[in-house]
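To convert, count from 1 in the sequence shown and add 3; that's my numbering.
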Amino acid sequence: MTLADYRKPLGTTNGERVVPPTDKDFELSPGGLDDGRRKAALDKLATYLDERKRFFLGYQTNQELGNRKDVSRFLDYNVNNVGDPFADSHFTMHTRPAERAVLDYYAKLWHAHPRTIDRKTGTLARDAYWGYVLTMGSSEGNTYGLWNARDYLSGKTLMREPRTDHHAQYVWVQDTAPPENLNAYSPVCFYSADTHYSVAKAIRVLDIPSFYELGTKRYPLANPLAPGKPWSHEVPSDEDGRINVDALKKLVAFFAGMGHPILVNLNYGSTFKGAYDDVETICAELRKIFRKYRLDRREVRYGRDADGNELVDVRTGYWIHVDGALGATYGPFLEKAIEAKRISDGDARLPKFDFRIPEVCSIVTSGHKYPGASWPCGVFMTKAKLQMLPPEQPAYIGSPDTTFGGSRNAFSPLIMWDFLARHSEQVQIDMIVKAADLADYAVRELRRLGANWAAARSPLALSVWFRQPPADIVAKYSLSTVPMPNEKGKVDLFAHLYVMPHVTKEMINHLVADLKDVRPAKAEHVVDGTDVLAYADGFAHDDVARLGLVRTWGHGF
């Protein structure tokens with residue numbers, strides 16, 4: 004077939020234009036809708052979604068799911084996994100066995116310690132994993148992980164105290180920073196310029212200062228990356244979207260030297276470029292800094308026993324969180340495919356990211372991206388010795404309140420379990436080999452269109468990015484778009500495609516054919532009279548503190 008064979012009218016099926024549903028189609032009346040109108044609205048929506056699915060290239064969500072056959076019957080049950088996954092509640096309509104199976108599955112993939120009982124103490128082993136299936140996507144997991152990290156690093160402890168009525172109560176206690184280091188319980192957060200916006204949003208909600216905020220407010224002239232100049236909003240990334248390791252080391256060393264605990268967010272499959280931060284190398288380099296500034300082991304006081312002796316918890320002064328929203332689900336299979344020589348990584352070694360690395364404290368991933376689910380979901384995982392304990396154990400539900408929310412989606416674990424039950428590890432290896440080959444094909448075909456499209460792919464990523472095409476093509480393929488500053492001080496507009504399991508070579512060919520006779524869109528750096536680059540790098544008045552950059556573009560989804 005030639006490129007011309009793939010050129011078809013935008014938004015059509017068999018030559019007939021598909022009209023998207025409107026608010027009018029779904030407008031409700033006090034009397035409800037008759038079956039004819041109700042079914043017509045649903046049919047119109049289904050037709051529209053079927054059409055969009057044919058060209059859906061721009062976002063990292065699999066559209067080929069196969070959930071209707073076996074799992075749809077459970078939509079007629081109101082199920083809720085409220086409380087802890089490992090403690091059944093009084094709410095008996097739940098799917099905890101499926102949730103625990105999913106957690107065990109990913110714990111093995113991520114080389115976490117199993118949930119075994121310590122023979123000496125009769126309690127759960129300290130290195131055993133703990134986690135839960137998320138009701139939202141990885142944004143929930145990022146927020147929960149950073150919340151856990153904040154309390155761990157800031158010297159907070161949850162105490163269980165007896166009451167006179169023989170019931171237990173919990174109380175939060177806070178250690179006091181020693182006089183020789185008043186920053187001992189003031190953590191600072193580091194994340195790269197390619198990090199998902201949920202991290203910046205979470206640290207605002209949790210009141211965790213970024214290195215930019217703390218540096219600007221307390222150390223305005225001490226920027227280790229550019230002494231005497233303004234601090235960067237985020238840790239710089241390289242052109243492939245990976246965090247700049249040398250810059251991160253300098254920043255961490257500065258704040259560790261000032262006595263601050265260190266909270267680092269790393270990415271495994273970044274949002275736009277699909278890049279993998281080299282978690283293993285980063286942790287090996289930071290390990291030296293942690294030892295130098297005694298953050299590898301420190302004592303946190305949380306009270307006294309009956310004899311007046313201090314009760315002490317031994318902790319680290321660092322927390323490494325891995326946002327594997329996309330890559331943590333398929334990364335283990337990509338690694339196995341490389342080991343089997345089914346994929347060549349060339350000079351680009353696939354970094355390890357999981358609990359094989361002792362400094363990794365928590366990992367989050369999304370279930371609705373790869374391999375895919377019908378709605379947002381995911382997995383958060385940490386170690387039992389690091390777990391943030393519940394503020395209470397409500398008698399109402401009979402299960403510890405250890406997760407981010409109260410009620411939890413019990414359907415998501417079932418969807419994730421069903422996929423894992425239907426797809427062996429070998430099948431998932433085959434899936435990632437196919438996806439990697441297709442990503443390689445996509446970047447080759449886009450480059451054949453000419454250098455003006457600037458097509459590129461990070462090593463082993465499933466994302467391929469290129470200059471943003473005209474609006475009708477962006478709409479047809481549901482392309483995600485971002486502006487990127489260039490070396491001339493202006494902005495270039497880029498789009499990307501993500502190779503998910505539903506993507507085919509024919510879909511790539513359609514896109515390439517549509518791009519053949521058009522030119523990339525252009526953008527100026529002045530928007531609505533505002534110089535966006537100068538504004539982003541500028542400073543407010545002296546009486547207003549700039550806390551951090553929370554982007555409203557890029558880094559999305």
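Built from N, CA and C at the ideal position, the CB exists for glycine as well.
Quantities reported herein were computed from a predicted structural model and do not represent experimental measurements.
TODO: Tell me where the beta strand (DSSP E) around Ser483 begins and ends.
DONE: For the purposes of this step, residue 483 is taken as the residue at position 480 of the sequence shown. Taken as a continuous stretch (DSSP letters only), the beta strand (DSSP E) holding Ser483 covers 483-488.
Task: Own chain, CB closer than 6 Å to Thr406, minus 5 neighbours either side, in chain order - done: The residue you call residue 406 lines up with position 403 of the sequence shown. Same-chain partners within the cutoff: Tyr135.
Task: Residue environment, Lys72, which counts as buried when at least 16 other CB atoms sit within 10 Å - done: To locate residue 72, count along the sequence shown from 1; it is residue 69. Exposed, because fewer than 16 other Cβ atoms sit within 10 Å of the Cβ of Lys72.
Task: Cβ-based burial, Asn145 [other Cβ within 10 Å; buried from 16] - done: In the sequence shown, counting from the first residue as 1, residue 145 sits at position 142. It is buried - the Cβ of Asn145 has at least 16 other Cβ atoms within 10 Å.
- [ ] Determine the extent of the alpha helix (DSSP H) in which Asn570 is found, giving its start and end residues.
- [x] Coverage of the chain is limited to positions 4 through 560, which leaves residue 570 absent and any answer about it impossible.
TODO: Please look up how many angstroms separate the CB atoms of Asn65 and Pro374, rounded, as I've assumed it's under 8 Å.
DONE: As a working note, residue 65 is residue 62 in the sequence shown. As a working note, residue 374 is residue 371 in the sequence shown. The Cβ separation is near 6 Å, so the contact holds.
Task: C-alpha gap between Asp79 and Met96, whole angstroms - done: Locating residue 79 in the sequence shown gives position 76, counting from the first residue. Locating residue 96 in the sequence shown gives position 93, counting from the first residue. Their Cα atoms are separated by approximately 12 Å.
Open item on the list: Taking a contact to mean a Cβ-Cβ separation below 8 Å, would you say Ala250 touches Leu224 in this structure?
Closed with: Along the sequence shown, one-based indexing puts residue 250 at 247. Along the sequence shown, one-based indexing puts residue 224 at 221. Contact flag unset, no.
- [ ] Quick one: using the 10 Å Cβ neighbour count with 16 as the cut-off for buried, is Ala474 buried or exposed?
- [x] Residue mapping note: residue 474 aligns to position 471 of the sequence shown, counting from 1. Under this definition Ala474 is an exposed residue.
Task: Spatial distance of Pro394 from Val176 (CA atoms) - done: Taking the first residue of the sequence shown as position 1, residue 394 is located at position 391. Taking the first residue of the sequence shown as position 1, residue 176 is located at position 173. Per-residue confidence for Pro394 stands at a pLDDT of 45, beneath the threshold of 50, marking its modelled position as unreliable; the derived number appears in the next sentence. Approximately 11 Å, taken between the alpha carbons.
Open item on the list: If the criterion is Cβ atoms closer than 8 Å, does the pair Tyr321 and Pro264 meet it?
Closed with: Position 318 of the sequence shown holds residue 321. Position 261 of the sequence shown holds residue 264. In contact: Tyr321 and Pro264 (Cβ atoms closer than 8 Å).
Task: Selection from Arg447, Lys344, Gly327 that minimises the alpha carbon distance to Gly140 - done: Residue mapping note: residue 140 aligns to position 137 of the sequence shown, counting from 1. Among Arg447, Lys344, Gly327, the Cα nearest to that of Gly140 is on Gly327.
- [ ] Please state if the CB of Phe336 and the CB of Val255 are separated by a distance shorter than 8 Å.
- [x] On the sequence shown, position 252 is the one that residue 255 refers to. On the sequence shown, position 333 is the one that residue 336 refers to. It is not a contact, given that the beta carbons lie outside the stated cut-off.
Task: CB of Val506 within 8 Å of CB of Leu449, strictly - done: Within the sequence shown, numbered from 1, the residue matching residue 506 stands at position 503. Within the sequence shown, numbered from 1, the residue matching residue 449 stands at position 446. Contact flag unset, no.
Task: Segment limits, beta strand (DSSP E) that includes Lys386 - done: Position 383 of the sequence shown, counted from the first residue, corresponds to residue 386. Note, Lys386: beta strand (DSSP E), 381-386.
Open item on the list: I'd like to confirm the pairing. Which residues does DSSP put opposite Ser240 in its beta bridges?
Closed with: Counting from one through the sequence shown, the residue named residue 240 turns up at place 237. Answer by DSSP bridge pairing, in chain order: Ile246.
Task: Distance between Lys355 and Glu283 (C-alpha atoms, nearest Å) - done: Sequence index remark: in the sequence shown, residue 283 carries index 280 (1-based). Sequence index remark: in the sequence shown, residue 355 carries index 352 (1-based). Distance between the alpha carbons of Glu283 and Lys355: 6 Å.
Open item on the list: Which of the three DSSP states is assigned to Ser235 in this structure?
Closed with: On the sequence shown, residue 235 is found 232 positions in, with the first residue counted as 1. Correct three-state label for Ser235: coil.
TODO: Locate the beta strand (DSSP E) running through Val477, then write down its first and last residues.
DONE: As a first step, residue 477 is located in the sequence shown; it is residue number 474 there, counting from the start. That residue, Val477, is in no beta strand (DSSP E); its alpha helix (DSSP H) goes 474-479.
- [ ] Let me know the beta strand (DSSP E) ranges lying completely inside the region 179-203, each 3 residues or longer, listed in chain order.
- [x] Counting only runs of 3 or more, we get 191-193.
Task: Boundaries (first-last residue) of the alpha helix (DSSP H) holding Gly408 - done: Position 405 of the sequence shown, counted from the start, is the residue given in the question as residue 408. Segment: none, Gly408 is in no alpha helix (DSSP H) and carries neither H nor E.
Task: Own chain residues within Cβ distance below 7 Å of Gly409, not counting five before or after - done: Walking along the sequence shown from the start, residue 409 turns up at place 406. The residues are Val85.
TODO: Might you give, ordered along the chain, the residues of its own chain that have their beta carbon closer than 6 Å to the beta carbon of Arg245, omitting 5 neighbours on each side?
DONE: Start at 1 with the first residue of the sequence shown, and residue 245 comes out as number 242. Result list for Arg245: Ala278, Asp280, in chain order.
Task: C-alpha distance - Ile418 paired with Arg522, whole-angstrom precision - done: Counting from one through the sequence shown, the residue named residue 418 turns up at place 415. Counting from one through the sequence shown, the residue named residue 522 turns up at place 519. Straight-line spacing of the CA atoms in Ile418 and Arg522 works out to 42 Å.
Open item on the list: Within 10 Å of its beta-carbon, does Val202 have 16 or more other beta-carbons around it, so buried, or fewer, so exposed?
Closed with: If you number the sequence shown from 1, residue 202 lands on position 199. Classification for Val202: buried.
Open item on the list: Assuming Ala458 and Val446 are in contact, meaning their beta carbons sit under 8 Å apart, how far apart are those beta carbons, in whole angstroms?
Closed with: Sequence index remark: in the sequence shown, residue 458 carries index 455 (1-based). Sequence index remark: in the sequence shown, residue 446 carries index 443 (1-based). Yes, they are in contact, since the Cβ atoms of Ala458 and Val446 sit about 5 Å apart, within 8 Å.
Task: Sub-8 Å separation of Pro416 and Ala101 beta-carbons - done: The residue labelled residue 416 in the question sits at position 413 within the sequence shown. The residue labelled residue 101 in the question sits at position 98 within the sequence shown. Yes, the Cβ-Cβ distance between Pro416 and Ala101 is below 8 Å.
- [ ] Spell out a yes or no on whether the region 285-299 and the region 212-222 are touching, meaning 3 or more CB-CB pairs, one atom from each, closer than 8 Å.
- [x] no
Open item on the list: Give me, in chain order, the residues of the same chain whose beta-carbon lies closer than 7 Å to that of Lys276; leave out the 5 immediate sequence neighbours on both sides.
Closed with: Here the question's residue 276 lines up with position 273 in the sequence shown. Result list for Lys276: Asp197, Asp243, Gly244, Ser461, Ala464, Ser466, Trp468, in chain order.
- [ ] Please report the Cβ distance between Trp150 and Leu209, rounded to the nearest whole angstrom; I am assuming they are in contact, meaning their Cβ atoms lie under 8 Å.
- [x] Counting from 1 along the sequence shown, the entry for residue 150 is found at position 147. Counting from 1 along the sequence shown, the entry for residue 209 is found at position 206. That pair is a contact at about 6 Å.
- [ ] Report yes or no: do three or more beta-carbon pairs, one from the region 124-133 and one from the region 378-390, lie closer than 8 Å?
- [x] yes
Open item on the list: Going by DSSP in three states, Asn512 sits in which element: helix, strand or coil?
Closed with: Position 509 of the sequence shown, counted from the first residue, corresponds to residue 512. Annotated three-state conformation of Asn512 is helix, per DSSP.
Open item on the list: What does DSSP give as the partner residue(s) for Gln177 in the beta ladder?
Closed with: In the sequence shown, counting from the first residue as 1, residue 177 sits at position 174. In the DSSP output, where bridge partners are listed per residue, Gln177 has Lys159.
Task: Asn145 (DSSP reduced to helix, strand or coil) - done: On the sequence shown, position 142 is the one that residue 145 refers to. The answer is helix: DSSP assigns Asn145 an H, G or I state.
- [ ] Mind checking which residues open and close the beta strand (DSSP E) that includes Val317?
- [x] Taking the first residue of the sequence shown as position 1, residue 317 is located at position 314. It spans 313-318 - the beta strand (DSSP E) in which Val317 sits, taken as one unbroken run.
Open item on the list: In the DSSP output, which residue or residues are listed as bridge partners for Val303?
Closed with: The residue you call residue 303 lines up with position 300 of the sequence shown. Note: Val303 sits in a beta bridge opposite Asp316.
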